[in-house]
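Let me begin by presenting the structure, written as structure tokens, before commenting on it.
There are 2 protein chains.
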Amino acid sequence: MGEFDLIARYFTRPVQRAALGVGDDCALLRIEPGMQLATSADLLIEGRHFLSTVAPDRLGHKALAVNLSDLAACGARPLAFTLSLALPQAEAAWLEGFSRGLFTLADAHGCELVGGDTTRGPLAINVSIFGEVPAGQALLRNGARPGDDVYVSGRLGDARLALEVFRGMVSLPGEDFDRVRLAMECPQPRVALGLALRGVAHAAIDLSDGLLGDLGHVLQRSGCGARLDVDAVPRSDDLAAQPLALQRLCTLAGGDDYELLFTAPAAKREAVARAARAAGVPVTRIGQVEPEPGLRLVDASGQALPNTWSSFDHFLDPSRS
Amino acid sequence: MGEFDLIARYFTRPVQRAALGVGDDCALLRIEPGMQLATSADLLIEGRHFLSTVAPDRLGHKALAVNLSDLAACGARPLAFTLSLALPQAEAAWLEGFSRGLFTLADAHGCELVGGDTTRGPLAINVSIFGEVPAGQALLRNGARPGDDVYVSGRLGDARLALEVFRGMVSLPGEDFDRVRLAMECPQPRVALGLALRGVAHAAIDLSDGLLGDLGHVLQRSGCGARLDVDAVPRSDDLAAQPLALQRLCTLAGGDDYELLFTAPAAKREAVARAARAAGVPVTRIGQVEPEPGLRLVDASGQALPNTWSSFDHFLDPSRS
Numbered sequence: 001m002g003e004f005d006l007i008a009r010y011f012t013r014p015v016q017r018a019a020l021g022v023g024d025d026c027a028l029l030r031i032e033p034g035m036q037l038a039t040s041a042d043l044l045i046e047g048r049h050f051l052s053t054v055a056p057d058r059l060g061h062k063a064l065a066v067n068l069s070d071l072a073a074c075g076a077r078p079l080a081f082t083l084s085l086a087l088p089q090a091e092a093a094w095l096e097g098f099s100r101g102l103f104t105l106a107d108a109h110g111c112e113l114v115g116g117d118t119t120r121g122p123l124a125i126n127v128s129i130f131g132e133v134p135a136g137q138a139l140l141r142n143g144a145r146p147g148d149d150v151y152v153s154g155r156l157g158d159a160r161l162a163l164e165v166f167r168g169m170v171s172l173p174g175e176d177f178d179r180v181r182l183a184m185e186c187p188q189p190r191v192a193l194g195l196a197l198r199g200v201a202h203a204a205i206d207l208s209d210g211l212l213g214d215l216g217h218v219l220q221r222s223g224c225g226a227r228l229d230v231d232a233v234p235r236s237d238d239l240a241a242q243p244l245a246l247q248r249l250c251t252l253a254g255g256d257d258y259e260l261l262f263t264a265p266a267a268k269r270e271a272v273a274r275a276a277r278a279a280g281v282p283v284t285r286i287g288q289v290e291p292e293p294g295l296r297l298v299d300a301s302g303q304a305l306p307n308t309w310s311s312f313d314h315f316l317d318p319s320r321s
Numbered sequence: 001m002g003e004f005d006l007i008a009r010y011f012t013r014p015v016q017r018a019a020l021g022v023g024d025d026c027a028l029l030r031i032e033p034g035m036q037l038a039t040s041a042d043l044l045i046e047g048r049h050f051l052s053t054v055a056p057d058r059l060g061h062k063a064l065a066v067n068l069s070d071l072a073a074c075g076a077r078p079l080a081f082t083l084s085l086a087l088p089q090a091e092a093a094w095l096e097g098f099s100r101g102l103f104t105l106a107d108a109h110g111c112e113l114v115g116g117d118t119t120r121g122p123l124a125i126n127v128s129i130f131g132e133v134p135a136g137q138a139l140l141r142n143g144a145r146p147g148d149d150v151y152v153s154g155r156l157g158d159a160r161l162a163l164e165v166f167r168g169m170v171s172l173p174g175e176d177f178d179r180v181r182l183a184m185e186c187p188q189p190r191v192a193l194g195l196a197l198r199g200v201a202h203a204a205i206d207l208s209d210g211l212l213g214d215l216g217h218v219l220q221r222s223g224c225g226a227r228l229d230v231d232a233v234p235r236s237d238d239l240a241a242q243p244l245a246l247q248r249l250c251t252l253a254g255g256d257d258y259e260l261l262f263t264a265p266a267a268k269r270e271a272v273a274r275a276a277r278a279a280g281v282p283v284t285r286i287g288q289v290e291p292e293p294g295l296r297l298v299d300a301s302g303q304a305l306p307n308t309w310s311s312f313d314h315f316l317d318p319s320r321s
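This is the structure we're talking about:
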């Protein structure tokens, strides 16, 4: 199978909304007047962002999901994406699974593939995604204000728990492992929640590097600090059954959560609850923005905790697979 | 140096036109009413698209140039780009050179870096580029009509000649080699020509896989064929000094030219010449579109030549480094 066959067979579908899709030098998108284009890119490398054992349909899902999550964090509506794929070989079963996982998620969000690039090489996947947001309404990292509540969506830490199982640091019964592995391999981007939070949240970010690090980005950009109730961070029953230190590692510095972290003024608590209901995603209040810079961690009893967790960094933490 | 330091130090500059640049979950771009967004992506892998010995500033140039060339082929004006970079390690000298080459070309085309991703991994570079084109005015592959002249810009084949030198198949004196190597490593995207050809050319494509293959894409999309005068294909003095069979291989199936191939009706010959002068790029008429499908090659004496050259395909031609 050649490069052009491969593209034609697995990655070419008629476009619905784009002016021009796969097959020319460029794709063409229409952006409605009054809208801004929101764009983001994520590059996934075998052995760093996913294990070689991952099922191809889950990998296709995840490659798009992490990008949809970036649109969600900005409150942008998905439009389209491009896919750049380096593959060691063109293997039909792999391509069939990968493209199925990719398009199933794409269709669920009305986000269409409009172009990209395919080449031979060590497995690497770059998705660039495009969404639209009314001018001036994007949720940004720099909008947090002292007094804001700090929220997260969903539950944190299962992806890291699964990674610890893969590393042989934790043992879980098969059924429990399947659940946390699903969290790692098939994150659900919170697009509907991001849209519902426009005009409600002051600031938002998606959780990819770990709660403490990502909250740190928001606080730094916003020029303030926060108090965080570490025991209030929502977690699954699987994670809650683990030792407390492991729970805290996974929820605070786990990475790969792809939930939304956002802040909103206390006066908007009812609006936040409505947005969460509308999106069908639980949200949990886990702290408060404060004027003094820095992050103050407290446990359920209000006792201060030292911040001994570090955020994930691809160049500072080469040990993480 | 950590991931965030690396981004801050080498890849963060204030944006001029974009609504939001590097540092949030998404970048935000304004698209003027009446304009369509043109987007393309190219993934470059070490050992396949570039040699490990390439100077980092030239690699930075090329990673953006091949994408600007896609905008040029559509007649789109460059706006912005994102960069996804997998690096074996964060090495200051490499990053300094790479970013300098990248930004020098970006500045020359008013195209700003607005986001991306950085990770550790085998060297891989994906650029996604964004341009704008008035709705309905993009140059496409499917617009060629019987009777159209077929043109190429610049000179073809030097990049392939350089590759053959690297492969040890051809020997060139140092100065000559430096020139053809520059063609391979620092292609000049024909953005001004693409803009000048709007409303003049019927169809266009950029030459990345070789003239015969890329012309084949245009003809297939347009549902017609062509006669091509292989000896009329413009080439450098360096290439013209080589044996004829090598000249033909390099000009017809060389790849990596990043010149524009376009068709225009005979009635537009003067307009084509004006566009070429305005853009400061020579263009050469090398054939004619014909109603019968297929490609008919003739030499300078009008003698038919068999088409024994094949277009480059990343999955069918694994031998090419």
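Residue numbers (the UniProt record's numbering), protein chains in the order written: chain A, 1 to 321; chain B, 1 to 321.
Every residue gets a Cβ at the ideal spot worked out from N, C-alpha and C, and that includes glycine.
- Taking a C-beta distance under 8 Å as the contact criterion, residue 41/A and residue 30/A do not qualify as a contact pair.
- Nearest neighbour of residue 177/A by Cα position, chosen from 300/A, 250/A, 164/A and 22/A, turns out to be 164/A.
- Runs of the alpha helix (DSSP H) spanning 4 or more residues and lying entirely within the UniProt domain "PurM-like C-terminal" (145 to 298) of chain A occur at 158 to 166, 174 to 185, 191 to 196, 211 to 222, 237 to 240, 244 to 253 and 269 to 279, in chain order.
- Residue 129/A is positioned such that its CB atom lies no closer than 8 Å to that of residue 50/A.
- In this structure, residue 22/A keeps its C-beta atom at 8 Å or more from the C-beta atom of residue 127/A.
- Relative to the Cα of residue 61/A, the nearest Cα in the group 125/A, 48/A, 212/A and 2/A belongs to 125/A.
- Burial state of residue 169/B is exposed, judged by a 10 Å Cβ sphere holding fewer than 16 other Cβ atoms.
- Look at residue 13/A here: in three-state DSSP terms it is coil, with no helix or strand label.
- Contact note: residue 1/A reaches chain B through 315, using a C-beta cutoff of 7 Å and chain order.
- It is roughly 22 Å from the alpha-carbon of residue 207/B to the alpha-carbon of residue 268/B.
- Note: residue 119/B is bridge-paired with 86/B in the DSSP secondary-structure output.
- Where residue 104/B is concerned, the enclosing alpha helix (DSSP H) starts and stops at 92 to 108.
- The Cβ atoms of residue 203/A and residue 144/A lie closer than 8 Å to each other.
- Not a single C-beta of chain B is nearer than 8 Å to the C-beta of residue 188/A.
- Contact with chain A is absent for residue 171/B, since none of that chain's Cβ atoms lies less than 8 Å from the residue's Cβ.
- With its beta carbon at least 8 Å from every one in chain A, residue 56/B lies outside the interface.
- For residue 107/A, the nearest beta carbon of chain B is not closer than 8 Å to its own beta carbon.
- Taking the Cα positions, residue 210/B is about 51 Å away from residue 250/A.
- Between residue 289/B and residue 150/B, the C-beta spacing is below 8 Å.
- For residue 42/B, the uninterrupted beta strand (DSSP E) segment begins and ends at 35 to 45.
- For residue 82/B, the residues of chain A that pass the 8 Å Cβ criterion are 39, 40, 41 and 128, in the order they occur in the chain.
- Inter-segment contact for the stretch 227 to 244 of chain B and the stretch 262 to 281 of chain B is absent: fewer than three beta-carbon pairs are separated by less than 8 Å.
- By DSSP's assignment, residue 66/A forms no beta bridge with any residue.
- About 38 Å separates the CB atoms of residue 35/B and residue 90/B; that is not less than 8 Å, and the two are not in contact.
- Taking a C-beta distance under 8 Å as the contact criterion, residue 25/A and residue 70/B qualify as a contact pair.
- As the crow flies, the alpha-carbon of residue 245/B is around 12 Å from that of residue 161/B.
- Interface flag for residue 143/B against chain A is unset, since no Cβ pair is found closer than 8 Å.
- Chain order gives no chain A residues near residue 293/B, where near means a beta carbon separation below 8 Å; the closest approach is about 17 Å.
- Residue 305/A is bridged by DSSP to 297/A.
- The beta carbon of residue 214/A is closer than 8 Å to those of 205, 206, 207, 208, 261 and 311 in its chain, skipping five residues each way along the sequence.
- With fewer than 16 other CB atoms across the displayed protein chains lying within 10 angstroms of its CB, residue 107/A is exposed.
- Beta-bridge analysis with DSSP links residue 78/B to 131/B.
- In the assembly as shown, residue 173/B is an exposed residue. Its beta-carbon has fewer than 16 other beta-carbons within 10 Å.
- Boundaries of the beta strand (DSSP E) harbouring residue 27/A: 27 to 30, taken from the DSSP string.
- For the pair residue 226/B and residue 295/B, the CB atoms are nearer than the 8 Å cut-off.
- Collapsing the DSSP output to three states places residue 4/A in a helix.
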